[in-house]
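For reference, the structure discussed in these notes is given below.
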Amino acid sequence: MRLRALLETDALGLRLLGGEDELDRTVRGVMTTDLRDPSRYLSGGELVLTGLAWRRDAADSEPFVRILAGAGVAGLAAGEAELGDIPADLVEACLHHRLPLFAVHETVAFATITEYVVRQVSGERAGDLAAVVDRHRRLMTSGPAGGGPEVVLDLLTSDLDLRAWVLSPTGRQIAGAGAPLPGPLGATLAGHHLAATRTGRRAPHRAAVGGTTYSLFPIRNTGRGAVPAARDVRESVLSDWLLAVEADASDWPAARLDLLQGVTQLIAVERDRRDAARTVRRRLAQEVLELVQAGAAPAEIAARLRVAAPVLLPGLGVAPQWQVVVARVDWSASGQAAAAGEIASGPVAQALLEEILVDPAVSSPDSADRIAVAHTGDEAIALVPLPAILTALPESESGEGDAGRADGEDADALAGEPGLHADALLASVREPLSAGLADDGRLTLGVSAAVHSAEGLRGALEEARHARRVAAARPGRVCAAGHHELASHVLLLPFVPDDVRRAFTARLLDPLRDYDRRHRAELIETLEAFLDCDGSWTRCAARLHLHVNTLRYRVGRIEQLTGRDLSRLEDKLDFFLALRMS
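With this note's numbering applied, the sequence shown corresponds to residues -7 to 574, in that order.
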């Protein structure tokens, strides 16, 4: 703003005492001081407000004004409340140094002037920044000269004092100005954003975390992979980026909100550019996958892998070990799009898998660019070279009690295995993704063992698919299973068809249930305890608080009703499986 504008605002009560020829000076800020030497607090362009407490006699005015002029301030406004009229020595010093001087009426508070100047300067800075954003958008649209989202985020910080970060749907920081956002905070903000988006609330979304308020703006994918606006929100909610701003945008004027929308559009251009750069890797994964599923000769698959290795692992020179990861996003049948079978889950699972497989030890925004992910139908399949990912389970993620961890899993043993571990992949992303999946979505993921050659890829793919089915049989919105969990026959039970399951359990257990209903004999409870005690009569009797003879009578009754012999391993195994499937 210009100094002249201050005189044109009656509410400020300013009277010009000198410097009429300098009223076109630009005001960039405001400062109130009564220091004799405030130079260390001045950067140029300020309107300085003073109550004249620094002035003891007429000789003080000249050095004070000389300091202000040397610092490049725009003007000086002196209050009349302390001395009444502004001293003539101050007026003369300002005229000598060509510094505009205003008198502030005693009824006008300095806070009123400060608020007015700050409001005007911020508005003009927003306008200037909007022009920069528009220019930057044109640069990035026409070529790679824009410099990425960091440039605009730096402008938000320097010109509007707004700290902002670009986050992925899992809360991973993609870009930011200044200090990075802590990982757990990013995941929390992403969860807030995904939950609000699923409810249909209008953006920006407000989130208060740890006493700080953030405003969350969606970054819509506007490129080749964009979902049309009329389609179901579930097709994009788990793949869109977001802009997190450390401020409460609920009381922002429309101009500032429009500016932030322009910033999100600019970042969407960068998102499209990065997605386009992944096209080669996705195509390589698709080609390898088609060869594997078609049963191509190992030599042909190996040749294609030799083409893929330099792209995924530049400078490595040799083909590494590989793992296969399979992911699937399923939505329950609710809503028009779901009923019509129109929700395209494959691309969403592909984008999510690319995000989940980012190596946490690599800070580059494109640290997922060594991962090749294809999708077929509703399933996404990743071909992962082991040198691109961690080779040990992080200590913070190896504790017990993670949702979906198989019973009896030995975390220490897993930590010694190279490559990806299913639970570690989801440890930091389970919370935000669960918010985005809400009550009608599920993400299931399966991880194969490492294979050393093209011959093992087909088996690795089937292993990853079986592991994903194990994960799908568990409760929870976000579940994973690894190859090591397929070693137990118990975990294969979810794949038994329902009609076979019902017939098998009915043949063995229904006679016992009917007998228990008529006689309250507790034969089912006895059978479970007998098998848990590995057929030990003494231990089972002690657990059930029965005499051994009573236990023998009950087991005899079980054998009589079912025609089985509980001393035979085969019959014990049948009963064990029937109880597990019932």
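We put the CB at the ideal spot given by N, CA and C, even for glycine.
- Rounded to the nearest whole angstrom, the CA to CA distance from Arg212 to Trp233 is 7 angstroms.
- Between the region 266 to 286 and the region 411 to 428, the count of Cβ pairs shorter than 8 angstroms is below three; the stretches do not touch.
- It is roughly 26 angstroms from the alpha-carbon of Asp264 to the alpha-carbon of Leu177.
- In the DSSP assignment, Ile363 falls outside any beta strand (DSSP E), carrying neither H nor E.
- Leu8 is bridged by DSSP to Phe94.
- Taking 8 angstroms as the cut-off, the Cβ atoms of Ile348 and Leu281 do not count as close.
- A Cβ-Cβ distance of about 5 angstroms is found for the pair His444 and Gln313, placing them in contact under the 8 angstroms criterion.
- Here the C-alpha atom of Pro172 lies approximately 12 angstroms from the C-alpha atom of Glu142.
- Going by DSSP, Val19 is part of no alpha helix (DSSP H) at all; its letter is neither H nor E.
- Take Pro503, set aside five residues on each side of it, and the residues of its chain with a beta-carbon closer than 7 angstroms to its own are Leu553, Thr554, in chain order.
- For Trp529, the enclosing alpha helix (DSSP H) starts and ends at 529 to 536.
- In terms of Cβ geometry, Val110 and Val22 form a close pair [threshold 8 angstroms].
- Taking the CA atoms as reference points, Leu60 sits about 17 angstroms from Ile78.
- When secondary structure is reduced to three states using DSSP, Pro161 falls in the coil class, being assigned neither helix nor strand.
- Linking Leu34 to Gly183 through their CA atoms gives a straight-line distance of about 42 angstroms.
- For the set Pro92, Gly62, Thr368, the Cα lying nearest the Cα of Leu15 is the one of Pro92.
- In the DSSP assignment, Arg198 falls within the beta strand (DSSP E) that extends over 197 to 201.
- Taking 3 residues as the shortest admissible run, the region 415 to 440 contains the following complete beta strand (DSSP E) segments, listed from N- to C-terminal end: 433 to 439.
- The DSSP-derived three-state label of Val110 is helix.
- Rounded to whole angstroms, Ala241 and Gly36 show a C-alpha spacing of 30 angstroms.
- Non-local C-beta neighbours of Val321 in its own chain, meaning closer than 6 angstroms and more than five positions away in sequence, comprise Ser337, Val340, Ala341, Leu435, ordered along the chain.
- Secondary structure of Val303 (DSSP, three-state): helix.
- In this structure Ser426 is buried. Its beta-carbon is surrounded by 16 or more other beta-carbon atoms within 10 angstroms.
- Per DSSP, Asp322 is one residue of the beta strand (DSSP E) stretching across 314 to 323.
- Judged by beta-carbon spacing, Ile516 lies within the 8 angstroms limit of Asp508, meaning their Cβ atoms are closer than that value.
- Under the three-state reduction of DSSP output, Gly71 falls in the strand class.
- In the displayed model, Leu565 falls within a helix according to three-state DSSP.
- By the C-beta density criterion, Pro55 is exposed, having fewer than 16 other C-beta atoms within 10 angstroms.
- A residue is called buried when at least 16 other Cβ atoms come within 10 angstroms of its Cβ; Tyr545 does not meet this threshold and is exposed.
- Between Ala95 and Ala70, the C-beta spacing is below 8 angstroms.
- Taking the CA atoms as reference points, Thr106 sits about 38 angstroms from Gly175.
- Assigned with DSSP and collapsed to three states, Leu375 falls in strand.
- Contact check for Arg460 and Val350: beta-carbon distance about 20 angstroms, past the 8 angstroms limit, so the pair fails to qualify.
- For Leu251, the enclosing alpha helix (DSSP H) has its first and last residue at 246 to 269.
- From the listed residues Ala236, Thr1, Gly203, the smallest Cα separation to Thr256 is found for Ala236.
- For Val144 and Ala169, the gap between their C-alpha atoms comes out near 9 angstroms.
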